[in-house]
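Worksheet: the structure to be examined is printed underneath.
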Amino acid sequence: MVYGEKINWDSKNNPYNFVPFDVPVKEDKEVTGLSSIQHLNGAINCKLTSETPLLIAQSIEKGSPAKLQFYQENNQYIIPGSSIKGMLRSVIEAVTNSCFSIFDGTKLDYRHTTIVKKLKAGMIMSMPHNNNLGEIKLMERGWIAMCGKPTTVTGFQGGVPKTFNLAIVPASVKSGDEVWITYKKIEKYVTQRNKEIEGQFYLITDLCTSKKKEYVKAVYKITGKSIGNKKRERIFFCPRDDVRYKFGSQEEEDYNYIFEQQIDRWSKLDKSSKNYFDFKEQGKLKEHMLIYFEPEEGERRAKNISRVEVPRIRYEKSRQDLLPKAHHKCTDRNNLCAACKLFGYVEGENSMAGRISISDAKLVNSPLVASKAIPMKVLATPHPTSYNFYLRDPNNLTVVRNYNGCKIEDKKGKISESDVDDVELRGRKFYYHHPDKTDQSYYKVNPQHKIPESQHNSAMPLFKDNVFEFEVRFRNLSEFDLGLLLYCLFLEDDLRHKLGMGKPIGFGTVRIEIKSLFIDEVPIRKKYETFDFVLPDVKEKLQEYRDYFKNQVKVLTGRDFDSLRNIAAIKILLATTQMTKTHAYPSPEGYKWYMENRNNLLPDIDFIGNEKSINITGQQFNGGNYEKNEYVVSKTKPDKEKRFVVPNKDKGNIDAPVLEIGKEVKGVVISIKGLHGVVKLSSGEEVPFKRLTEYTPVEIGRKASFKIVKLTKDGKISHLEFRK
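For the sequence shown, our numbering assigns the number 579 to the initial residue and increments by one for each residue that follows.
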């Protein structure tokens, strides 16, 4: 398979896809406190039926593998209200294009294999303090044989291959101990498979635990058993002058953050695992610690400080940085997204209580449950650093880029730091529905697959046709809010929710029905005028509120509800028609398929053949209609006196304002390529411009306004930005 090829994936290959962004939908009404309730209050009684196996996990036996059963309280099967609320919120966020409340400015880290050749060894001599930078002493590292491992190494000296015998570390020497060594330098290393590795290597030929004439002072460094067939450890030493590199508090912060993430990951591993690592000698960055670092070109500065291993590096951009601004986490109670208005929000000392509460759902039938624990297929955690799944280049859908926008050049993940362009998140992750098969083959472990038992969970799920009942209480909702809540609870007749654990292997398809709808439409002050107040059941108004919500979406966006890109995607991902297909990881061992294709492109949802059911064409879907940094739902013309006119010297327009960055100019678009284009201004100049995303609408031949973002030294426009 050619790298970068857009694979013909289908539902058999990947159990999920993404709901893309479109125009955020919310009422522009001020949020009022609950003490001044003037809107709708009431309750919705709901019925939830499982249509595939369902697992709200509760551990019954810890260890590896874990044994899980369905959640119970007082021997009664329960779905906690918090689980239903999480499911409901994810749908409401997707339907209304609300904020990503779980994202902040935290940056992910990744294993950076391509900078290994750039890394230098060093020792921390001082830490940053106040306005003073920290210092790293440059060192070299050499190989020494581990006890019981082969000592023979083949290397090149002066272009001639030679055989060297490595020293062996005495059992009494501990990591961090001072030792004395002799070494040989080679220009090329030959592996056991006769592969020649270019580069300068040092081989430790002898070692003493006490000072010895003509021996070099060194420090022994144990890096752990992270590789099963590991044969060598490292010796750090200084064969040269005392060379120092400076580093700042940001490098210290990055190191400590990554270390804490590693501690968290490894603390969950079985100590018998080959990936288990002993951190006894490790900790936060401190003086005399042995580290790797990447030297800054042209100056004595260090960056990307890491433990002595293949380094983990933090991205320059966070996931929030790749979101349109309208999807950033809400921070202003007077400008909340639709989801935060319903569920509440917390931002520092500011907060607002939610307007929805959901009771626990209780099983009302005799439980249809597995009689014994079923070994389930591997359930891995999400891997947001799988760029081909989570990210897309809006300018070139055939290119895979990481969070910094760097191009991934091959299947192994080689990063090109010279090829950088725009990159964005695909959207919100949703899982397809699976069929319910009585043979359980689509979620049970195949005993013929050679996968370590420690990777499997055993579970006792509830099967299909189990029925639960729960209640949703709401207060101070507008008609729009209530219509949104009712739509996202019930969805459409042919759509289903996904709930609980095991979604990738088909668990969690549930149908929600509304049994009754009680609405208090009486102002709160009127309640105290009588003792006979009873909420009426107005279930017949269910569709009326849902239709009102859809109509308001059209008023706010200028587009039909079903024509929004996010709604079109939801109607494919959550459709019951998916249950007629065979969804599964590729056979026989799906994780291998993912590894082989990890840097090939995940295509967007395929709309071919679905146009009638979703009321949108593939071209409309891929065209979109939103801006990345600013959304416009109503078109207003600026006042004439505020418009900026480009000076035209030929007409002697001496009173025209001087060009300034930030001013607007008008012109006709004459070419477009990706995010870039050329506009012909009224002065006759042809100037390049950039639009914010491919979904920012602009057409060749149309007049438009542009914002000046860069001027030449002589005052001419050198670059513009398209503003809708």
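Cβ coordinates follow ideal geometry from the N, Cα and C atoms, glycine included.
Since the structure is predicted, the reported quantities are computational estimates derived from the model, not experimental observations.
Legend entry - Same chain, Cβ closer than 8 angstroms to T787, five either side skipped, listed in chain order: One-based indexing of the sequence shown puts residue 787 at position 209. Answer for T787: P748, S750, V751, D755, V757 and W758, listed in chain order.
Inset, instruction - Kindly indicate the opening and closing residues of the alpha helix (DSSP H) around K645. - result: Position 67 of the sequence shown holds residue 645. Membership of K645 in any alpha helix (DSSP H) is not indicated; the residue belongs instead to the beta strand (DSSP E) covering K645 to F648.
Inset, instruction - Over the uninterrupted beta strand (DSSP E) stretch that includes L716, give me the two end residues. - result: Start at 1 with the first residue of the sequence shown, and residue 716 comes out as number 138. From DSSP, the beta strand (DSSP E) with L716 extends over G712 to A723.
Legend entry - CA-to-CA distance, L633 to G1080, given in whole angstroms: Within the sequence shown, the letter at position 502 stands for residue 1080. Within the sequence shown, the letter at position 55 stands for residue 633. Their backbone Cα atoms lie some 7 angstroms apart in a straight line.
Inset, instruction - Using only alpha-carbon positions, find the residue among D842, I722, S1260 and N772 that is nearest to E811. - result: As a working note, residue 811 is residue 233 in the sequence shown. Minimum Cα distance to E811 is reached at I722.
Inset, instruction - Identify the continuous beta strand (DSSP E) that holds Y780 and give its terminal residues. - result: As a position in the sequence shown, residue 780 is number 202, starting the count at 1. Residues E774 to C786.
Legend entry - Beta-carbon contacts of S1036 that lie in its chain and below 8 angstroms, excluding the five residues immediately before and after: Along the sequence shown, read from residue 1 onward, the residue named residue 1036 stands at position 458. Excluding sequence neighbours, S1036 sits near P643, A644, K645, L646, A951, I952, P953 and M954.
Inset, instruction - Give a yes or no on contact between the region 1114 to 1133 and the region 976 to 988, applying the rule of three or more CB pairs nearer than 8 angstroms. - result: no
Inset, instruction - Closer than 8 angstroms by C-beta to K663: which residues in its own chain qualify, once you throw out the five before and the five after it? Chain order, please. - result: To locate residue 663, count along the sequence shown from 1; it is residue 85. For K663, where only same-chain residues beyond five positions count, the Cβ hits under 8 angstroms are F921, I934 and I936.
Legend entry - T1135 in three-state terms, based on DSSP: Locating residue 1135 in the sequence shown gives position 557, where the first residue counts as 1. If DSSP states are grouped into helix, strand and coil, T1135 belongs with the helices.
Inset, instruction - Assign L1298 to one of three DSSP states: helix, strand, or coil. - result: Translated into positions along the sequence shown, residue 1298 becomes position 720. In this structure, DSSP gives L1298 an extended state, which the three-state scheme calls strand.
Legend entry - Cβ-based burial, C725 [other Cβ within 10 Å; buried from 16]: To locate residue 725, count along the sequence shown from 1; it is residue 147. Counting Cβ neighbours within 10 Å, C725 comes out exposed, since fewer than 16 surround it.
Legend entry - Among L1179, N974 and Y688, the one whose alpha carbon lies nearest that of F837: Taking the sequence shown and counting its residues from 1, the one referred to as residue 837 is at position 259. Here the closest residue by C-alpha is Y688.
Inset, instruction - Below 8 angstroms CB to CB, which residues in the same chain sit around L1064 once its five sequence neighbours on both sides are set aside? - result: Position 486 of the sequence shown, counted from the start, is the residue given in the question as residue 1064. Same-chain partners within the cutoff: I622, I1092, L1095, L1120, Y1123, R1124 and F1127.
Inset, instruction - State the DSSP-derived secondary structure class of G1187, mapped to helix, strand or coil. - result: Position 609 of the sequence shown, counted from the first residue, corresponds to residue 1187. The predicted model places G1187 with a pLDDT of 41, which falls under 50 and marks its position as unreliable, so this point remains unresolved.
Inset, instruction - Name the residue from Q840, A880, L901 and L744 whose alpha carbon lies nearest to the alpha carbon of G683. - result: By one-based count along the sequence shown, residue 683 stands at place 105. It is L901.
Inset, instruction - Between the Cα of Y965 and those of K715, R1051 and Y893, spot the shortest distance and give me the residue it belongs to. - result: Position 387 of the sequence shown, counted from the first residue, corresponds to residue 965. For the residues K715, R1051 and Y893, the minimum Cα distance to Y965 belongs to Y893.
Legend entry - Close beta carbons around R822, own chain, < 8 angstroms, minus the five adjacent residues each side: What you label residue 822 is simply residue 244 of the sequence shown in a count that begins at 1. Cβ within range, chain order: M703, E713, I714, K715, L716 and R878.
Legend entry - Reduced DSSP secondary structure (H/G/I, E/B, other) of I615: As a working mapping, residue 615 is identified with position 37 in the sequence shown. A caution first: I615 carries a pLDDT of 48, below 50, which makes its placement in the model too unreliable to give a value.
Legend entry - Runs of beta strand (DSSP E) lying entirely within the region 952 to 991, each at least 3 residues, in chain order: 984 to 986
Legend entry - Supposed close pair V1246, K1281 - CB separation, criterion 8 angstroms: As a position in the sequence shown, residue 1246 is number 668, starting the count at 1. As a position in the sequence shown, residue 1281 is number 703, starting the count at 1. Rounded, the Cβ-Cβ distance is 5 angstroms, consistent with contact.
Inset, instruction - Return the chain-ordered ranges of every beta strand (DSSP E) run that is complete within the region 1033 to 1101 and spans a minimum of 3 residues. - result: 1036 to 1038, 1045 to 1055 and 1087 to 1098
Inset, instruction - Can you give me the start and stop residues for the alpha helix (DSSP H) that I1145 sits inside? - result: Looking up residue 1145 in the sequence shown gives position 567. R1143 to L1151 is the extent of the alpha helix (DSSP H) around I1145.
Inset, instruction - Would you mind reading off the limits of the alpha helix (DSSP H) that contains R689? - result: Looking up residue 689 in the sequence shown gives position 111. Where R689 is concerned, there is no enclosing alpha helix (DSSP H), although the beta strand (DSSP E) it sits in stretches over D687 to R689.
Inset, instruction - Rounded to whole angstroms, what's the CA-CA distance from T760 to K795? Just pull it up for me. - result: Numbered from its first residue, the sequence shown carries residue 760 at position 182. Numbered from its first residue, the sequence shown carries residue 795 at position 217. Rounded to whole angstroms, the separation of the alpha carbons of K795 and T760 is 9 angstroms.
Legend entry - Classification of T1214 by the beta-carbon crowding that lies within 10 angstroms, buried from 16 upward: Taking the first residue of the sequence shown as position 1, residue 1214 is located at position 636. Caution is warranted here: a pLDDT of 33 is assigned to T1214, below 50, making its placement in the model unreliable, and the coordinate value is therefore given only provisionally. Exposed is the call here.
Legend entry - Buried versus exposed call for V1001 [16 or more other C-beta atoms within 10 Å across all chains shown]: One-based indexing of the sequence shown puts residue 1001 at position 423. Buried, because 16 or more other Cβ atoms sit within 10 Å of the Cβ of V1001.
Inset, instruction - Please go through the same chain and pick out, in chain order, the residues whose beta-carbon is closer than 6 angstroms to the beta-carbon of A931, but skip the five residues on each side of it. - result: Counting from 1 along the sequence shown, the entry for residue 931 is found at position 353. Around A931, the same chain offers G922 as residues with beta carbons nearer than 6 angstroms, after the five sequence neighbours per side are excluded.
Legend entry - Cα-Cα separation between G611 and A672, rounded to whole angstroms: Indexing the sequence shown from 1 puts residue 611 at position 33. Indexing the sequence shown from 1 puts residue 672 at position 94. Residue placement at G611 cannot be trusted, given a pLDDT of 46 that sits under 50; the coordinates are not used to answer.
Inset, instruction - Quick one: grab the DSSP three-state call for C624. - result: One-based indexing of the sequence shown puts residue 624 at position 46. The answer is strand: DSSP assigns C624 an E or B state.
Legend entry - Boundaries (first-last residue) of the beta strand (DSSP E) holding L920: On the sequence shown, position 342 is the one that residue 920 refers to. Premise fails: L920 lies in the alpha helix (DSSP H), A916 to F921, not in any beta strand (DSSP E).
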